[in-house]
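Asker:
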Amino acid sequence: MDRREFFKRARKNAEVAKKINGKMFSGLAPYAGSWTTNEVTHLLKRTMFGAKKADVDYFLAMTPDAAVDELLNNIVTPSPPLRDYGLIEDEFGMLHDDLGVAQGQTWVNDLNTLSDPEVRGAINSRRVQSLRKWWAGLIINQGRSIQEKMVLFWHHHFSIQESEVENSNFLYKHHNLLRSNVLGNFKTLVKEVSIDPAMLLHLNGYVNSKQAPDENYAREMQELFTVGIGADSLYTEDDVIAAARVLTGWRINSDPLNSYFDAAAHDTGAKTFSAFYNNTTIPGNTNGEQELDALINMIFATTETSRFICRKLYRWFVYYEIDEATETDVITPMAAVLQSSNYDIKSALSVLFKSEHFFDTINQACYIKSPFDMIVGTLREFNVSFPAYTNYTTGYPLFGSIFQTASEMQQTLFQPPDVSGWPAYYQQPMHYELWVNSNSLPRRADFTDALINDSVIDVRAFASTSSNPADPNQLISDVTALLLRYPLSTNSKNYVKTNFLLNNTTDDTVWTNAWNGNNNTVINNSLRNMFRFIMNLPEFHLC
Amino acid sequence: MNRRKFLRNTVPAAVTMPALLNGFSFTAHSAATSSLGSLFDELTTDTDHVFVLIQLAGGNDGLNMVIPLDVYANYYNARTNVAIPQSQVLRLDGTDRSGLHPAMTALQNMYNEGKVSVVQSVGYENPNFSHFHATDIWNSGDTRTNRRERVHTGWMGRYLENEFPGYPDAYPNTTMPDPLAIQISNFPSLTVQGEIYSMGLSITNPEKIYTFDNPFSDYPLNSAPANKELKFLRVISEKTKIYSDLIRAAYQRAGTMATYPEENSLADQLKIVARLIKGGLKTRVYTVTIGGFDTHKKQVNASDTTTGNHAKLMKELSEGISSFQQDLELMQLDDRVMGMTFSEFGRRIKSNASLGTDHGAASPLLMFGTHAKKGILGNSPDIPADIQVVNNIPFQYDFRSVYASVLEQWFCVKQPALNSILLQNYQSLPLVQGGPCGLPEDPDDTNNAADKLVLKMWPNPYSISGTIQFSTTGGNTMIQQIDPLGRVIKVLTNRDYAAGTYNIDMYNDGLPAGVYFLRLQNKSLQKVISVVKMP
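Line by line, the protein sequences are chains U and Z.
Heads up: the first sequence begins at 2 in our numbering, then just goes up one per residue.
Heads up: the second sequence begins at 136 in our numbering, then just goes up one per residue.
1. Taking 8 Å as the threshold, find out whether the stretch 432-448 of chain Z comes into contact with the stretch 487-507 of chain Z through three or more Cβ pairs.
2. Is L336(Z) near S439(U), with beta carbons less than 9 Å apart?
3. Tell me the residue span of the beta strand (DSSP E) that contains S498(Z).
4. Go through its chain and collect everything with a Cβ distance to S307(U)'s Cβ below 6 Å, but skip five positions before and after it.
5. Who are the near neighbours of F274(U) in its chain, counting only those whose CB is closer than 7 Å to its CB and skipping five residues on each side?
6. My guess is that I614(Z) and T628(Z) are in contact by the Cβ rule of under 8 Å, so how many angstroms apart are they, rounded?
7. Can you tell me where the beta strand (DSSP E) with G635(Z) in it begins and where it stops?
8. Let me know the secondary structure DSSP gives H494(Z) once reduced to three states.
9. Chain Z partners of F534(U), CB-CB under 8 Å?
10. Beta-carbon within less than 8 Å of M410(U)'s beta-carbon, same chain only, minus the 5 sequence neighbours each way: which residues are those?
11. For the stretch 440-462 of chain U, enumerate the residues whose C-beta is nearer than 9 Å to any C-beta of chain Z, in chain order.
12. Can you list the residues of chain Z that S402(U) reaches, using a CB-CB cut of under 7 Å?
13. Please list the partners that S486(Z) has in chain U, where partner means a Cβ-to-Cβ separation under 7 Å.
14. Excluding the 5 residues flanking L100(U) on each side, which residues of the same chain have their C-beta closer than 7 Å to its C-beta?
15. State the DSSP-derived secondary structure class of G138(U), mapped to helix, strand or coil.
16. Applying a beta-carbon distance threshold of less than 8 Å, which residues of chain Z neighbour Y236(U)?
17. The alpha helix (DSSP H) that contains V57(U), what's its start and end?
18. When the Cα atoms are used, what is the spatial distance from T406(U) to C572(Z)?
19. Where E177(Z) and M502(Z) are concerned, what is the direct C-alpha to C-alpha distance, given to the nearest angstrom?
20. Between G249(Z) and K509(Z), which are expected to be in contact by the criterion C-beta below 8 Å, what is the C-beta distance as a whole number of angstroms?
21. Run through the stretch 418-497 of chain Z for me and flag every whole beta strand (DSSP E) of 3 or more residues, listed as ranges in chain order.
22. Grouping DSSP H, G and I as helix and E and B as strand, with all else coil, what is T612(Z)?
23. Measuring CB to CB, does Q148(U) end up less than 9 Å from I76(U)?
24. According to DSSP, R654(Z) sits in a beta bridge with which residue or residues?
25. Just to make sure I have the definition right: I need the residues of chain U whose C-beta is within less than 7 Å of the C-beta of K668(Z). Which are they?
26. Hey, would you say A316(Z) sits closer than 9 Å to V420(Z), going by beta carbons?
27. With contact counted as at least three CB pairs below 8 Å, one residue from each stretch, are the stretch 362-375 of chain Z and the stretch 318-325 of chain Z in contact?
28. Does S456(U) come out as helix, strand or coil in the three-state DSSP assignment?
29. Would N170(U) pass as a contact of V109(U) if the rule is Cβ separation under 9 Å?
30. Use the C-beta contact count for E454(Z): other C-beta atoms within 10 angstroms, 16 or more gives buried, fewer gives exposed.
31. Identify every residue that forms a DSSP beta bridge with K272(U).
32. Just to confirm my understanding: we take G240(Z), look at its own chain, exclude 5 residues before and 5 after, and list those with CB closer than 8 Å. What are they?
33. So which residues on chain Z does Y393(U) lean against when the C-beta distance must stay under 8 Å?
34. With 9 Å set as the bound, which would you pick, yes or no: does the beta-carbon of F93(U) sit closer than that to a beta-carbon of chain Z?
35. Could you give the residue range of the beta strand (DSSP E) that holds P203(Z)?
36. Measuring alpha carbon to alpha carbon, tell me which residue in L538(U), V183(U), I161(U) and W155(U) is nearest N205(U).
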């Protein structure tokens with residue numbers, strides 16, 4: 002080690018010591034600490050699905066601020082999902098084509114009215130499946146961007162279910178709404194979602210009328226989507242009723258597929274709200290959109306709305322426990338940024354990801370991977386290559402298996418457990434821990450074991466990314482630095498080395514000779530056993 | 136925040152961290168909303184009984200499984216294109232009221248040997264016609280529609296949590312050395328969900344070996360949150376390894392003694408269950424699932440309604456259960472095992488034009504095993520002669536009465552635990568024979584006693600006014616009015632009565648014209664009649 006390297010390490014150690022011993026808590030002040038593989042990997046594993054070595058190296062060459070900016074600004078607009086299915090067999094064994102769209106073309110905006118009525122239901126199911134494959138394809142093919150993790154966040158937040166909506170075009174339309182506003186304006190998004198056909202279907206807005214008010218959406222809009230049920234969220238049952246009245250009259254068209262306002266079903270009386278909303282009165286009229294705007298303005302005038310969404314984002318990206326210090330030093334200032342930027346989500350996230358709190362040691366390695374973190378993160382970190390998301394012939398089947406595997410681990414796209422989203426991000430007291438149980442752990446093991454057993458992973462190519470793969474110590478150090486956010490102790494690393502690379506000896510040259518001697522069988526078997534072992538470690542589930 | 140929401144939010148914390156409960160008064164909460172009240176004062180029941188739940192996913196057409204011979208003309212009229220010909224219905228010893236689907240000869244034999252009980256028209260007061268919601272309702276035992284009020288636990292999960300408090304932290308132990316429940320499935324189902332943890336393990340291949348390597352016990356990172364999560368993962372990993380090893384060992388210790396049918400997914404699953412029981416597991420609950428019951432189309436073959444998709448399912452069900460029973464008998468384990476079928480809903484009385492049936496309401500379920508009380512509980516459903524598409528079968532028995540009876544008579548659960556598990560009090564139905572819980576057996580034939588109950592209305596059809604006459608053997612007596620869709624729309628009375636006969640006068644009930652049902656419930660007895668409101 003040269004002198005300069007020595008001082009660099011010493012400085013780094015001093016910083017770590019200061020953080021742990023001196024500073025008990027960090028806030029939203031800009032992060033000014035070191036920028037090493039550790040910090041970059043932390044940032045990438047939280048904002049993307051997995052941290053590939055190439056991505057880590059890429060961002061390592063930037064400043065922390067520039068890295069965050071790139072992750073937040075690199076947003077792309079994908080082309081829509083494609084028909085990947087062939088002919089459909091009816092119950093009499095007859096084959097039917099989807100006459101509305103050719104294979105390889107998008108079914109989006111085709112109303113599914115041309116095919117035999119007998120098979121339209123089946124066609125819709127195939128389209129829903131192709132939508133799910135397409136989405137999984139986008140996730141596995143993500144760029145150096147927070148985009149896919151944020152789209153999934155919005156799905157968790159607004160949480161519509163395929164079993165309720167049942168219409169592939171409405172599902173796509175809803176998904177596209179989330180995608181187009183992924184780092185945009187939260188207020189705009191809530192307004193758009195309120196009159197989105199899928200949401201009108203999902204929470205009964207389409208039957209909400211003056212004659213028979215339906216409070217379902219009005220309730221969830223406040224409880225789950227905006228002000229929430231924090232200690233200071235004091236909206237009343239009467240506010241739910243009044244909001245439902247504001248929202249009466251929105252209906253759905255089947256051709257074209259959109260929503261519209263039916264003034265005849267609208268309650269034109271004045272709606273008065275509680276002190277929590279400053280006793281606001283929304284005068285009734287026959288302009289539904291005007292009333293909706295007034296309702297949104299009223300809800301977004303509360304500080305609770307910004308705090309609630311910031312807490313939700315915090316639980317999605319940082320950690321689930323929000324104690325008093327976190328509330329005061331992180332949530333409150335982050336919410337203030339959100340409110341002062343007129344609900345620009347990107348501004349709020351930018352402050353969070355550039356903060357010393359985000360990089361604080363106590364916020365590292367404490368996040369239990371979601372099924373998509375586990376599946377897509379692992380595949381990406383091992384550099385498993387996939388066809389482009391537009392490849393409906395060889396790509397879609399693979400994307401379908403990603404969707405299916407995640408579903409078996411309890412995370413199903415377009416079918417979260419209910420309108421509250423995934424319990425891992427709200428259910429006290431376990432939160433993330435709900436992802437891992439005696440049912441899902443074997444499914445996770447099935448997945449990682451299969452990556453080894455079916456040679457999905459090229460273990461040797463992955464080992465070659467080490468700075469010195471012939472040195473067993475360096476090899477283990479490099480691969481665990483990437484795969485495990487929770488570090489292995491020296492003793493544990495020795496255990497791995499002895500058991501898997503040194504053939505139960507203490508002689509490092511056993512591995513060095515095998516590697517340098519290009520002994521395929523020994524190298525592959527050793528690495529396969531080692532990576533299977535690492536992926537079965539409890540540490541592997543943390544990021 | 137209302138009280139119920141408060142409870143829902145606090146209960147999970149309480150279960151995992153009993154230390155936090157100091158000074159927290161349980162008596163303030165009604166047992167009906169939480170099983171915690173009994174969690175701390177009940178000892179684990181000493182029982183070696185096993186219960187097997189067979190889920191018929193998709194909504195089973197109960198009317199073509201248990202065919203009503205006593206109202207056959209109306210049955211045939213309502214569903215001519217899918218009706219099973221009267222001459223082909225399998226007859227059951229001792230009754231000419233109903234018979235079984237022709238594909239169920241194996242189950243017919245089991246019935247005649249006294250090992251099957253049929254419970255007619257099982258359902259609930261506000262039938263849900265969505266697969267997802269209705270399945271949740273059956274699994275949770277909670278019919279409330281408001282999401283915030285609904286429990287997020289399963290009925291068996293609450294039972295097991297009540298029996299084995301603190302699971303999984305201190306388990307396995309000498310009281311329960313094995314998994315509490317095993318599901319033959321990729322997915323854990325709500326049935327066995329506890330407040331936080333699933334009380335069950337789901338397996339698809341009992342012989343699969345999981346390494347779940349967990350050799351390290353140090354915590355090199357100086358970070359409380361990360362260490363907390365790592366500790367949690369290490370515990371789960373260790374427990375999962377222990378339980379999967381126990382399951383594999385039990386499976387490998389035992390063999391199969393009966394011959395199971397080939398290409399029968401239910402039989403494949405029950406075969407695993409039998410081996411695990413024989414292998415010595417003290418596991419109390421097993422769940423298996425067979426799908427394909429959503430027979431909107433081509434439920435039967437046009438050329439022969441006794442064949443087709445539903446017939447195939449009925450054969451699988453019948454042969455799966457009967458080979459399982461034979462296996463258990465050969466292993467001399469049949470005294471310990473009972474099972475039950477259930478489906479999220481039955482199907483519509485009137486068939487559709489695609490040789491199928493649409494989503495419906497109540498349907499019959501089957502209890503089986505050496506201790507099943509032979510017979511058909513309840514009457515054939517009332518099928519209107521003037522059948523409409525919307526007509527559904529009104530429920531005679533609440534599904535939670537079936538659950539309550541299983542827990543009480545098979546697992547020997549006592550009050551107040553029984554009420555807290557099922558969220559309120561339900562009727563006890565005579566489902567188990569041989570009195571394994573030391574309960575006195577109902578000496579009367581429940582059906583005959585129910586037949587003697589009076590329930591009538593005049594005039595019928597009625598328009599503006601009418602009189603309902605009913606008799607009661609005393610105690611709580613309830614009369615519900617049910618609409619054509621099978622939903623309870625009015626409770627006409629629900630209170631204690633002295634034994635006797637009573638009249639209720641009705642005037643201008645404001646209901647639209649149509650067919651309604653009156654359901655009388657008096658302890659374990661009930662009676663359902665149809666009444667017609669004129670325009």
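Even glycine gets a Cβ: it sits at the ideal position worked out from N, Cα and C.
Answerer: So, from the listed chains and residues:
1. The stretch 432-448 of chain Z vs the stretch 487-507 of chain Z: in contact.
2. On the second sequence, position 201 is the one that residue 336(Z) refers to. On the first sequence, position 438 is the one that residue 439(U) refers to. Yes. Within cutoff.
3. Taking the second sequence and counting its residues from 1, the one referred to as residue 498(Z) is at position 363. Start and end: S498 to F503.
4. Taking the first sequence and counting its residues from 1, the one referred to as residue 307(U) is at position 306. Excluding sequence neighbours, S307(U) sits near A336, L339 and Q340.
5. Stepping through the first sequence from its first residue, residue 274(U) is reached at position 273. Result list for F274(U): D240, A243, N280, T281 and M299, in chain order.
6. Here residue 614(Z) corresponds to residue number 479 of the second sequence, with the count starting at 1. Here residue 628(Z) corresponds to residue number 493 of the second sequence, with the count starting at 1. Sure, about 5 Å apart at Cβ, within 8 Å.
7. Along the second sequence, read from residue 1 onward, the residue named residue 635(Z) stands at position 500. G635 to Y642 is the extent of the beta strand (DSSP E) around G635(Z).
8. Along the second sequence, one-based indexing puts residue 494(Z) at 359. In this structure, H494(Z) counts as strand in the three-state DSSP scheme.
9. Within the first sequence, residue 534(U) is the residue found at index 533, counting from 1. Those are T346 and D348, listed as they occur along chain Z.
10. Position 409 of the first sequence holds residue 410(U). Contacts found: P372, M375, I376, W436, S441, R444, R445 and F448.
11. N440, S441, L442, P443, R444, A446, D447 and D450
12. In the first sequence, the residue the question calls residue 402(U) occupies position 401. Listed by position along chain Z, the residues whose Cβ is nearer than 7 Å to that of S402(U) form an empty set, because the closest Cβ is around 14 Å away.
13. For the purposes of this step, residue 486(Z) is taken as the residue at position 351 of the second sequence. Within chain U, no residue comes near S486(Z); the closest Cβ sits about 15 Å away, beyond 7 Å.
14. By 1-based counting over the first sequence, the position of residue 100(U) is 99. L115 and S116.
15. As a working mapping, residue 138(U) is identified with position 137 in the first sequence. DSSP places G138(U) in helix when its eight states are reduced to three.
16. Looking up residue 236(U) in the first sequence gives position 235. None at all; the shortest Cβ gap to chain Z is about 12 Å.
17. Translated into the one-based positions of the first sequence, residue 57(U) becomes position 56. Looking at the DSSP string, the run of the alpha helix (DSSP H) that includes V57(U) is K54 to L61.
18. To locate residue 406(U), count along the first sequence from 1; it is residue 405. To locate residue 572(Z), count along the second sequence from 1; it is residue 437. Distance between the alpha carbons of T406(U) and C572(Z) is about 44 Å.
19. What you label residue 177(Z) is simply residue 42 of the second sequence in a count that begins at 1. What you label residue 502(Z) is simply residue 367 of the second sequence in a count that begins at 1. Because the pLDDT of E177(Z) is 44, which lies under 50, any placement of that residue in the model is unreliable, and the question is left without a value.
20. The residue you call residue 249(Z) lines up with position 114 of the second sequence. The residue you call residue 509(Z) lines up with position 374 of the second sequence. Between K509(Z) and G249(Z) the Cβ distance is about 4 Å, and since that is below 8 Å, they are a contact.
21. If only uninterrupted beta strand (DSSP E) runs of at least 3 residues are considered, those enclosed by the stretch 418-497 of chain Z are 420-425 and 472-477.
22. Translated into positions along the second sequence, residue 612(Z) becomes position 477. Here T612(Z) sits in strand by DSSP.
23. The residue labelled residue 148(U) in the question sits at position 147 within the first sequence. The residue labelled residue 76(U) in the question sits at position 75 within the first sequence. A contact, by the Cβ cut-off of 9 Å.
24. The residue labelled residue 654(Z) in the question sits at position 519 within the second sequence. Q615(Z) and V663(Z).
25. Mapped onto the second sequence, residue 668(Z) falls at position 533. Within chain U, no residue comes near K668(Z); the closest Cβ sits about 22 Å away, beyond 7 Å.
26. As a working mapping, residue 316(Z) is identified with position 181 in the second sequence. As a working mapping, residue 420(Z) is identified with position 285 in the second sequence. Yes, Cβ-Cβ distance for A316(Z) and V420(Z) is below 9 Å.
27. Contact between the stretch 362-375 of chain Z and the stretch 318-325 of chain Z is absent, because fewer than three Cβ pairs lie under 8 Å.
28. Within the first sequence, the letter at position 455 stands for residue 456(U). Of the three classes helix, strand and coil, the one that applies to S456(U) here is coil, per DSSP.
29. Your numbering for residue 170(U) matches position 169 in the first sequence. Your numbering for residue 109(U) matches position 108 in the first sequence. Against a cut-off of 9 Å, the Cβ pair of V109(U) and N170(U) comes out as a contact.
30. Walking along the second sequence from the start, residue 454(Z) turns up at place 319. Per the 10 Å Cβ criterion, buried.
31. Position 271 of the first sequence, counted from the start, is the residue given in the question as residue 272(U). Beta-bridge pairing links K272(U) to I283(U).
32. The residue labelled residue 240(Z) in the question sits at position 105 within the second sequence. Note on residue identity: the sequence assigns Thr, not Gly, to residue 240(Z). Counting only Cβ-Cβ distances below 8 Å, and skipping sequence neighbours, we find L225 and S453.
33. Taking the first sequence and counting its residues from 1, the one referred to as residue 393(U) is at position 392. Going along chain Z, no residue has its Cβ under 8 Å from Y393(U), so there is no contact; the nearest lies around 27 Å.
34. In the first sequence, the residue the question calls residue 93(U) occupies position 92. F93(U) counts as touching chain Z.
35. Taking the first residue of the second sequence as 1, we reach residue 203(Z) at position 68. First-last of the beta strand (DSSP E) with P203(Z): V201 to P203.
36. Residue 205(U) sits at position 204 when you count from the first residue of the first sequence. Distances from the CA of N205(U) to each of L538(U), V183(U), I161(U) and W155(U) were compared; the closest alpha carbon is that of I161(U).
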